[in-house]
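Participant: Under our numbering, the residue at position 7 of the sequence shown is numbered 7, and the numbers go up by one with no gaps. Once you've had a glance at the structure underneath, I'll fire off some questions.
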Amino acid sequence: MTHHSIAIDGPAASGKSTMARALAERLGIVMVNSGAMYRAVTWKTLSEKIDPKDKGAVIASLQKMEIVCSHDGTFSTITINGTDPTPFLREPEINANVSTISAIPEVREKLVGIQRDYLKKTHVVMEGRDIGSVVFPDTPFKIYIDADPSVRNSRRSDDGEIDSVEKRDAADSSRTTAPLKVADGATKIDTSNLSIEGAIAAAIETLKKQGFPMQEKKNPRLPEGETRGWMRWMYWLGWMSFGAAYRTIFGLRLEGMENLITSGPVLIASNHQSFLDPPLIGNLYKDEMVFFARKTLFKGPAKWVYPQWNAVPVDQDRPDMSSMKTVIRKLKGGWRVLVFPEGARTLDGEIGEAAAGVGLIAVKAGVPIQPVRISGADKALPRGSGKIRFERITVAVGEPIILSPRELKSYTGKEGYEALTKRIMDAIKAL
Ligand code: DC
Numbered sequence: 001m002t003h004h005s006i007a008i009d010g011p012a013a014s015g016k017s018t019m020a021r022a023l024a025e026r027l028g029i030v031m032v033n034s035g036a037m038y039r040a041v042t043w044k045t046l047s048e049k050i051d052p053k054d055k056g057a058v059i060a061s062l063q064k065m066e067i068v069c070s071h072d073g074t075f076s077t078i079t080i081n082g083t084d085p086t087p088f089l090r091e092p093e094i095n096a097n098v099s100t101i102s103a104i105p106e107v108r109e110k111l112v113g114i115q116r117d118y119l120k121k122t123h124v125v126m127e128g129r130d131i132g133s134v135v136f137p138d139t140p141f142k143i144y145i146d147a148d149p150s151v152r153n154s155r156r157s158d159d160g161e162i163d164s165v166e167k168r169d170a171a172d173s174s175r176t177t178a179p180l181k182v183a184d185g186a187t188k189i190d191t192s193n194l195s196i197e198g199a200i201a202a203a204i205e206t207l208k209k210q211g212f213p214m215q216e217k218k219n220p221r222l223p224e225g226e227t228r229g230w231m232r233w234m235y236w237l238g239w240m241s242f243g244a245a246y247r248t249i250f251g252l253r254l255e256g257m258e259n260l261i262t263s264g265p266v267l268i269a270s271n272h273q274s275f276l277d278p279p280l281i282g283n284l285y286k287d288e289m290v291f292f293a294r295k296t297l298f299k300g301p302a303k304w305v306y307p308q309w310n311a312v313p314v315d316q317d318r319p320d321m322s323s324m325k326t327v328i329r330k331l332k333g334g335w336r337v338l339v340f341p342e343g344a345r346t347l348d349g350e351i352g353e354a355a356a357g358v359g360l361i362a363v364k365a366g367v368p369i370q371p372v373r374i375s376g377a378d379k380a381l382p383r384g385s386g387k388i389r390f391e392r393i394t395v396a397v398g399e400p401i402i403l404s405p406r407e408l409k410s411y412t413g414k415e416g417y418e419a420l421t422k423r424i425m426d427a428i429k430a431l
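Right under this line is the structure:
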């Protein structure tokens, strides 16, 4: 089988990694960070007390390095002589020396070979400086990400890194072998004034125009033994019956479906109007997902049915850490999960206050967040009434919120969770 490669190139701190990570999660393919390979060789060289400018010594040491690159389902991994250097790769001395090491043709030759090998086994989105020009020059899927130097410098210092971005760019662009440049056929995206979501939307648009086959991929992050892409019969029965009812009785209207993330883990945050809401969201997808349900509902036949519908019992009366943990584990395991940040159904049709729980889950799981707004379901099945009314229901799907590692860090602690919850609720209200 031929594997696809998406090449993302650009200068330091332009947003390449965040972009490549988001694309990998949305498309269900593997993200390869080629800069980490150059950083890893730099780390090894420095840890052997070799002067990076001593080309001969670097090459001699390189020949003894056993570099093993693989992936964990979504992200590339690396070891050198059996050690994983990842924790050390963003140190100031690596930033200061990586351009010197990566200008050595022998280093590039070895690493480019390893980068190309990924394509023997998997589809990749690879980010770096020469991916579209040297590593995969024949791929039709090429994006060049740029941003103003001032924006890039502040992104790096916000990350808490000591890095002279412009100095590194000058070195990376002026070297003889595989300099940083816009590859033939690449589309440029300037992220200076774009939000992360905006930049990702622009990249998705670009890939569609370049002809990338956007079909869903089997989620590679699912744990062994858990398969999706099919439904167990009881889940299917509910999905199908509710789906038919929505389309006939309630004239279901869907908006923003182009924003819907259909593969990989997603935290869906929706307002809550009625008991119709969970299967309403479940019907947006063609495979199974995970829900929350009030603990008290798990009795009688529902005790058997609810688990078949992937409902996690939650205690509504007090903070329920164990169900939160279950949900975070599910998200980390590659599932999409629906949460209602308001906790309970609306009394008056308006969107109510939200507790910080959704922010906490989003930060701990670190997955894309999809805001969704339901309207009309409160009239179709009002709270406190068992009677169905023929009211039109609309489900509006918002642009995903994909947090960069920097943003994730900034949303820690109670205040951080609250701030992120507010951002999510504002996104729902804006739909
Ligand atoms: O993407 P990054 O900032 O982590 O990359 C670190 C350095 O590695 C960068 O300054 C130049 C080098 N590099 C390269 O030469 N070619 C690549 N494809 C990726 C990175």
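We put the beta carbon where it would ideally sit given N, CA and C, even for glycine.
(1) Nearer than 6 Å: is that true of the beta carbon of Gly128 relative to any heavy atom of the ligand DC?
(2) Below 8 Å CB to CB, which residues in the same chain sit around Phe390 once its five sequence neighbours on both sides are set aside?
(3) Which residue or residues does DSSP assign as beta-bridge partners of Tyr144?
(4) Just how far apart, CA to CA, sit Val339 and Phe292?
(5) So is the beta-carbon of Ser76 under 6 Å away from any non-hydrogen atom of the ligand DC?
(6) For Leu297, which residues in the same chain have their Cβ closer than 7 Å to its Cβ, ignoring the five residues on either side in sequence?
(7) If you draw a straight line from the alpha carbon of Asp426 to that of Leu403, how long is it in whole angstroms?
(8) Should Val112 be listed as close to the ligand DC, given that the test is whether its C-beta is under 6 Å from any heavy atom?
(9) Between Glu197 and Glu399, which are expected to be in contact by the criterion C-beta below 8 Å, what is the C-beta distance as a whole number of angstroms?
(10) The ligand DC and Ala24: does any heavy atom of the ligand fall closer than 6 Å to the residue's C-beta?
(11) The ligand DC and Ala245: does the residue's C-beta get closer than 6 Å to at least one heavy atom of that ligand?
(12) If you drop the 5 nearest sequence neighbours on each side, which residues of the same chain put their C-beta closer than 6 Å to that of Val290?
(13) Spell out the partners DSSP gives Thr77 in its beta bridges.
(14) Do the CB positions of Ala13 and Arg156 come within less than 7 Å of each other?
(15) What three-state label does DSSP hand Gly416 in the structure shown?
(16) Which residue marks the beginning of the alpha helix (DSSP H) containing Leu237, and which one marks its end?
(17) Between Pro341 and Thr421, how many whole angstroms is the CB-CB distance? I'm expecting something under 8 Å.
(18) Report, in whole angstroms, the separation of the C-beta atoms of Thr74 and Val30, which I expect to be a contact under 8 Å.
(19) Can you give the beta carbon distance from Val397 to Asn283, rounded, assuming they're within the 8 Å contact cut?
(20) Enumerated in chain order, which unbroken segments of the alpha helix (DSSP H) with a length of 4 residues or greater are wholly contained in the region 315-344?
(21) Would you mind working out which of Ala57, Arg108, Met37, Ser102 sits nearest Asp84, comparing C-alpha positions?
(22) Three or more C-beta pairs closer than 8 Å, one from the region 264-277 and one from the region 363-378: is that the case here?
(23) Measure the CB-CB distance between Asp190 and Arg129 and report whether it falls below 7 Å.
(24) Mind checking whether the beta-carbon of Arg168 lies closer than 6 Å to any heavy atom of the ligand DC?
(25) So, under 8 Å CB-CB, Val107 and Ile101 are touching, yes? Tell me the CB distance rounded to an integer number of Å.
(26) What separation, rounded to the nearest whole angstrom, lies between the Cα atoms of Ala498 and Lys188?
(27) Among Ser70, Ile131, Pro137, whose alpha-carbon lies nearest the alpha-carbon of Asp9?
(28) The ligand DC and Asp172: does any heavy atom of the ligand fall closer than 6 Å to the residue's C-beta?
(29) Looking only at its own chain, which residues have a Cβ that is under 6 Å from the Cβ of Val151, when we skip the five neighbours before and after it?
(30) Does the beta-carbon distance from Asp277 to Lys295 come in below 7 Å?
(31) Under 8 Å by Cβ, that's how I've got Ile78 and Ala24 pegged, so tell me the actual separation to the nearest angstrom.
(32) For Gln308, I'd like the list of residues in its chain whose CB is within less than 7 Å of its CB, leaving aside the five on either flank, ordered along the chain.
(33) State the CB to CB distance for the pair Tyr144 and Val112, rounded to an integer number of angstroms; the pair is presumed to be in contact (CB under 8 Å).
(34) Between Tyr246 and Glu255, what straight-line distance do the alpha-carbon atoms span, to the nearest angstrom?
(35) Give the secondary structure of Arg21 by DSSP, where H, G and I count as helix, E and B as strand, and everything else as coil.
(36) For Pro301 and Ala7, what's the separation of their Cα atoms in angstroms?
Facilitator: Looking at the atomic coordinates:
(1) Counting from 1 along the sequence shown, the entry for residue 128 is found at position 128. Flag set: Cβ of Gly128 near the ligand DC.
(2) Numbered from 1 along the sequence shown, position 390 holds the residue referred to as residue 390. Listed in chain order, the non-local C-beta contacts of Phe390 below 8 Å within the same chain comprise Ile249, Phe250, Ala380, local neighbours out to five positions each way being set aside.
(3) Your numbering for residue 144 matches position 144 in the sequence shown. Its beta-bridge partners are Asp9, Lys188.
(4) Here residue 339 is taken as the residue at index 339 of the sequence shown, counted from 1. Here residue 292 is taken as the residue at index 292 of the sequence shown, counted from 1. Computed Cα separation, rounded: 7 Å.
(5) Residue numbering aside, residue 76 sits at position 76 when the sequence shown is read from its first letter. The ligand DC never approaches Ser76 closely enough for any of its heavy atoms to be under 6 Å from the residue's Cβ.
(6) Translated into the one-based positions of the sequence shown, residue 297 becomes position 297. Contacts found: Tyr306.
(7) For the purposes of this step, residue 426 is identified with residue 426 of the sequence shown, where counting begins at 1. For the purposes of this step, residue 403 is identified with residue 403 of the sequence shown, where counting begins at 1. Cα-Cα distance, rounded: 16 Å.
(8) Here residue 112 is taken as the residue at index 112 of the sequence shown, counted from 1. Relative to the non-hydrogen atoms of the ligand DC, the Cβ of Val112 never comes closer than 6 Å to any of them.
(9) The count along the sequence shown starts at 1 and reaches residue 197 at position 197. The count along the sequence shown starts at 1 and reaches residue 399 at position 399. Between Glu197 and Glu399 a beta carbon distance of about 5 Å is seen, short of the 8 Å cut, so the two are scored as contacting.
(10) Here residue 24 is taken as the residue at index 24 of the sequence shown, counted from 1. Checking the Cβ of Ala24 against the ligand DC gives no.
(11) Within the sequence shown, the letter at position 245 stands for residue 245. No, the ligand DC has no heavy atom inside 6 Å of this Cβ.
(12) As a first step, residue 290 is located in the sequence shown; it is residue number 290 there, counting from the start. Cβ neighbours of Val290 beyond the five flanking positions: Asn310, Lys330, Trp335, Val337.
(13) To locate residue 77, count along the sequence shown from 1; it is residue 77. DSSP lists Ser70 as partners of Thr77.
(14) Residue numbering aside, residue 13 sits at position 13 when the sequence shown is read from its first letter. Residue numbering aside, residue 156 sits at position 156 when the sequence shown is read from its first letter. Cβ atoms of Ala13 and Arg156: closer than 7 Å.
(15) Numbered from 1 along the sequence shown, position 416 holds the residue referred to as residue 416. In the three-state DSSP reduction, Gly416 falls in the helix class (H, G or I).
(16) As a working mapping, residue 237 is identified with position 237 in the sequence shown. Going by DSSP, Leu237 is part of the alpha helix (DSSP H) stretching over 233-248.
(17) Position 341 of the sequence shown, counting from 1, holds the residue named residue 341. Position 421 of the sequence shown, counting from 1, holds the residue named residue 421. Pro341 to Thr421, Cβ: 6 Å. Contact.
(18) Sequence index remark: in the sequence shown, residue 74 carries index 74 (1-based). Sequence index remark: in the sequence shown, residue 30 carries index 30 (1-based). Right, their Cβ atoms sit about 6 Å apart.
(19) The count along the sequence shown starts at 1 and reaches residue 397 at position 397. The count along the sequence shown starts at 1 and reaches residue 283 at position 283. Distance from Val397 to Asn283 at the Cβ level is roughly 12 Å; contact not present, criterion being Cβ atoms closer than 8 Å.
(20) Taking only runs of at least 4 residues, the alpha helix (DSSP H) segments lying wholly in the region 315-344 are 321-332.
(21) Translated into the one-based positions of the sequence shown, residue 84 becomes position 84. The option with the nearest alpha carbon to Asp84 is Met37.
(22) The answer is yes - the region 363-378 touches the region 264-277, with three or more Cβ pairs under 8 Å.
(23) Here residue 190 is taken as the residue at index 190 of the sequence shown, counted from 1. Here residue 129 is taken as the residue at index 129 of the sequence shown, counted from 1. Not a contact, by the Cβ cut-off of 7 Å.
(24) As a position in the sequence shown, residue 168 is number 168, starting the count at 1. Checking every heavy atom of the ligand DC against the Cβ of Arg168, one is found closer than 6 Å.
(25) Translated into the one-based positions of the sequence shown, residue 107 becomes position 107. Translated into the one-based positions of the sequence shown, residue 101 becomes position 101. Contact between Val107 and Ile101 holds: CB atoms are separated by about 6 Å, below the 8 Å threshold.
(26) There is simply no residue 498 to check, as the chain begins at 1 and stops at 431 in what is shown.
(27) For the purposes of this step, residue 9 is taken as residue 9 along the sequence shown, with counting starting at 1. Per the Cα distances, Ile131.
(28) For the purposes of this step, residue 172 is taken as the residue at position 172 of the sequence shown. For Asp172, the distance from the CB to the nearest heavy atom of the ligand DC is below 6 Å.
(29) Locating residue 151 in the sequence shown gives position 151, counting from the first residue. Cβ within range, chain order: Ser192.
(30) As a position in the sequence shown, residue 277 is number 277, starting the count at 1. As a position in the sequence shown, residue 295 is number 295, starting the count at 1. Against a cut-off of 7 Å, the Cβ pair of Lys295 and Asp277 comes out as no contact.
(31) Mapped onto the sequence shown, residue 78 falls at position 78. Mapped onto the sequence shown, residue 24 falls at position 24. The C-beta distance from Ile78 to Ala24 rounds to 16 Å, too long to meet the 8 Å contact threshold.
(32) Mapped onto the sequence shown, residue 308 falls at position 308. Counting only Cβ-Cβ distances below 7 Å, and skipping sequence neighbours, we find Arg232, Met234, Tyr235.
(33) Looking up residue 144 in the sequence shown gives position 144. Looking up residue 112 in the sequence shown gives position 112. Their Cβ separation, rounded to whole angstroms, is 18 Å, which puts Tyr144 and Val112 out of contact at 8 Å.
(34) In the sequence shown, residue 246 corresponds to position 246, counting from 1. In the sequence shown, residue 255 corresponds to position 255, counting from 1. Tyr246 and Glu255: Cα-Cα distance of roughly 15 Å.
(35) Taking the first residue of the sequence shown as 1, we reach residue 21 at position 21. The three-state reading of DSSP puts Arg21 in helix, counting H, G and I together.
(36) Position 301 of the sequence shown holds residue 301. Position 7 of the sequence shown holds residue 7. C-alpha separation (whole angstroms): 52 Å.
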